[in-house]
Structures are given as structure tokens and as C-alpha cells.
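Residue numbers (numbering that gives the first Met the number 0), protein chains in the order written: chain A, 0 to 101; chain B, 0 to 315.
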Amino acid sequence: MTNDKLNNSKNEWPLWEVFIRSKAGLDHKHAGSLHAADAQMAIENARDVYTRRMEGVSIWVVESKHIQASDPGEADSMYDPASDKIYRHPTFYNLPDEVKYM
Amino acid sequence: MSVHSFQEHFDSLIDRDVTIEPKDWMPDDYRKTLIRQISQHAHSEIIGMLPEGNWITRAPSLRRKAVLLAKVQDEAGHGLYLYSAAETLGISRDEMYNQLHTGKAKYSSIFNYPTLTWADMGAIGWLVDGAAIMNQVPLCRTSYGPYARAMVRVCKEESFHQRQGFEIMLTLSKGTEIQRKLAQDAFNRWWWPSLMMFGPPDAESPNTEQSVRWRIKRFTNDELRQKFVDVTVEQARVLGLEMPDKDIKWNEERGHYDFGKINWSEFYNVVKGNGPCNKQRIEARRKAWDEGKWVRDAAMAHAEKRKARQSEVKAA
């Protein structure tokens, strides 16, 4: 009994991450997560939990354990190489006023 | 980084109003406070379905029934958003359920009051959801990302809850004499418990200061309670109902309404488990959990069988 209580998270339905396309032409965006026994049930539950007010036209689900994430502790070194390359932005370049559209 | 510099980094994020995310380092107490607050909040949504569920089959019209069903379904959804936000802090869903079912975790004590008449559906939407919104809107900017994002969803959906309650109250208060009396009676019974929803007075709320420092809370209990009183007095006037507190008076100097003394011993008594419906509420949740076990097990067994069958087909 006690053992069962301690280990009961092992009987939990797996956790899924839910991504929703809010309308045709837009990206799927992370909406949240939920528990479901399998992918089919995850999609059905996602419909009920995350699209009760027509928030979506398409749903992706992926088991949370399959998500690989970058380490926030390494964010500085990870994104540092991009920080001194302002010439990648169009505003870096000065154009004469005569050029109206570019 | 040493623990000290982790702490400094964390403090500077909080000071700069930068959101904390699940994989960021955070002090143990911050994590514990959040788990407690978010899971209590989730439990409140789930337990909160019970008093209103009581009236679904007896709603006075098809329209009212559809609306009440949608509202109760939203509350289930809110509970689920919040449980998953808490899970990002490392507690399992089953452990949270276990804490609720064993009485270790608390939930908002307002749901331990009974719903005696249909007018209670109006008063709950108007007052209880109104107080909840007052509490929840600042939480959309709380420092922990998953909690803040869950709250944005909750708040978007919650405003329909309050409006539908106010509409019920308005219909009743403009109806027959009996209907008006029902509305007033529900107002009288839900008013004080609604004020208690904001929690103990600041002077007796030892966690408030730390929570404000961490930007988990953005206003104190008393600040939010005052704000709620101020707007509700005006709304009660529109309904033509009498405030259930004789000490309500506009205070020119403060720019707020003064109000009477809250019976805090009643509040602590209900929190301790002695409210009119505490036992019934937990009993209902436990029963649902126990009787749902075969469904959870069967769904898992079915998923595993299907997976095994698929790998057999692949192997062949």
C-alpha cells in the first residue's frame, strides 16, 4: 500500500507537449502539456483542453521525454557569436535619401 | 558557479523582471512556494467544479445549462493548465492528487460552502469568480514563466464566468419578489467568504513579503481585497441589492470604501477542515479517483498492447 503510493507516478499516463496552429498559414506554437495514454488520446485531450474556443486548426503532440532542450546556463556562450554581427541587419547600412524603396 | 553566484544571478533576473523558466536555477524555497501555490490553485479549480456541478441538471433553461456546463468544463481546463505548470517544477501529477486526497494540500476554502439555491450560481460567478479574477490578473505577470502563461489563458476565459454570474443576479433581482429575495440571500451568504478568498490580513500573512520580493505575488492580500470591495459596491448598486455589511461607507480621505470586520476565526476553522462541505468535497474527489482507476489502467494496457502489436508487425 505505502509502496504503491510512493511509486504511483510510475502508473501515470505519459506527459505530452501540445503545439497548436491557430490558423492556416501560421506556425504551430507550444500551448502547454497534458497526460494521455497514447498519441491518439493526447490529440483528443488537447482538443478539449486547449481549443475550447476555436484556438486551433491543427494540433501536434510529442511525448515530453523526446524534447531535447538547450541549457539555459550556457545561454551566454551559445548566443554570444551572434551578438557582434549587427551587419546582419538591414539597418546597419546607410542609404542616401534619394533611394526611396529598398 | 557557486551557490552564492547562482543566487545573485537569480536575484538579478527577478530585479530586472526577467521570467524564470523551468530549467533555470532557482532557490529551493522559491520552488517549494511555487509548487504549493500553483498546486493549491489547481486543486481549487478542480474542487470548484463540485458546488456548481450540483446545479447543472437543475439549471432553469437550456441556455443556462449550456453556459454552466461550459463554465465547469473551463474550470477542469484551468486545473489542468495549472497542474502541468506545477509539474515543470518537478512534482508529479499523482503526488499532487495524493496530497489533495489525503488533506495535505489545501484549496480555496470558499468551495467548502454549499450551493443551496439557483441564485448561488449567480453569486458564485459574480463574487467568487470576481474575487478570483482580482487575484489572478496580476499573476499573469508572475515571475515563473509556466505559471504566468497558464494564468494568461485562465484570465482570458474567466471573464465570461463573472459576466454570466452577474447576468443571473441581474435577471433574478429584476424578477419577482421571490427571485429578488433569492438573489439577496445568495449575496448575503457569499459576500464574507468571498472577502476571505484574498487570504489573511497582511499583518498575519508571513509569506506575503517574500512572495512579493520574488514577484510571485504582485499585490498584498489587503490591497486586492480593498480593490474588490470598491468595485463590488458599485455593481451591487446596479443590481439594486443591499450590501450585506452595515459598515460599508465611502471614505473620502482614503478614496476607498471602508468595510466591516471579517470573521477570521470562521476562515481558519474552514481551512482546518470544519467548513460545511469539506468532507463531502474530498470524498467526491477520492471517489472519482478510485472509481476511475480501471479506466486509467485499461487505457494504459490498451496503449501498450497496440505498441507491442506495431513492433511485431515491423519485425515481421
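Even glycine gets a Cβ: it sits at the ideal position worked out from N, Cα and C.
Using a CB distance cut-off of 8 Å, Ser32 of chain A counts as an interface residue toward chain B. Counting only unbroken stretches of 3 or more residues, the beta strand (DSSP E) elements lying wholly within the segment 228 to 264 of chain B are 248 to 250, 255 to 257, in sequence order. Contact between Glu44 of chain B and Gly78 of chain B holds: their C-beta atoms lie close to 4 Å from each other, under 8 Å. Glu252 of chain B counts as exposed, since fewer than 16 other beta carbons sit within 10 angstroms of its beta carbon. Between the segment 256 to 264 of chain B and the segment 290 to 300 of chain B there are fewer than three C-beta pairs closer than 8 Å, too few to call the two in contact. Taking all protein chains in view, the Cβ of Met77 of chain A is surrounded by fewer than 16 other Cβ atoms within 10 Å, so the residue is classified as exposed. DSSP, read as helix, strand or coil, puts Val98 of chain A in coil. The three-state reading of DSSP puts Trp293 of chain B in helix, counting H, G and I together.
The residues Glu16, Phe18, in chain order, have a CB closer than 7 Å to that of His29 of chain A in the same chain once the five nearest residues on each side in sequence are set aside. Taking the CA atoms as reference points, Ser107 of chain B sits about 53 Å from Arg87 of chain A.
Straight-line measurement puts the Cα of Ser38 of chain B at about 9 Å from the Cα of Ala84 of chain B. Residue environment: Val71 of chain B is assigned as buried (16 or more neighbouring CB atoms within 10 Å of its CB, all protein chains considered).
Of all residues in the segment 141 to 171 of chain B, those with a C-beta nearer than 9 Å to a C-beta of chain A are Pro145, Arg148, Ala149, Arg152, Lys155, Glu156, reading in chain order. Closer than 8 Å to the CB of Met77 of chain A there is not a single CB belonging to chain B.
Rounded to whole angstroms, the separation of the alpha carbons of Gln279 of chain B and Arg62 of chain B is 29 Å. Around Lys22 of chain B, the beta-carbon contacts reaching into chain A at under 9 Å are Ala68, Ser69, Asp70, Pro71, Gly72.
For Lys28 of chain A, the beta-bridge partners assigned by DSSP are A:Ile19. Here the segment 121 to 137 of chain B makes contact with the segment 217 to 237 of chain B; the two share three or more CB pairs at distances below 8 Å. With contacts defined by Cβ atoms closer than 8 Å, Ser21 of chain A and Glu43 of chain A do not form a contacting pair.
Distance between Met150 of chain B and Asp83 of chain A, taken at the CA atoms: about 37 Å. Taking 8 Å as the upper bound for CB-CB distance, His160 of chain B and Ala104 of chain B are not in contact here, some 23 Å apart. Per DSSP, reduced to three states, the secondary structure at His34 of chain A is strand. Residue pairing by DSSP places Leu14 of chain A opposite A:His34 in a beta bridge.
When C-alpha distances from Trp288 of chain B are compared across B:Gln135, B:Leu240, B:Leu99, the shortest belongs to B:Leu99.
Nearest in C-alpha terms to Leu33 of chain A, of all of A:Asp26, A:Pro13, A:Arg52, A:Thr50, is A:Pro13. Distance between Asp23 of chain B and Ala315 of chain B, taken at the CA atoms: about 46 Å. If you draw a 10 Å sphere on the C-beta of Ser57 of chain A, you find fewer than 16 other C-beta atoms in it, and that means exposed. Assignment of Trp213 of chain B by DSSP, reduced to helix, strand and coil, places it in the coil class.
A direct Cα-to-Cα measurement between Pro199 of chain B and Leu169 of chain B gives close to 31 Å.
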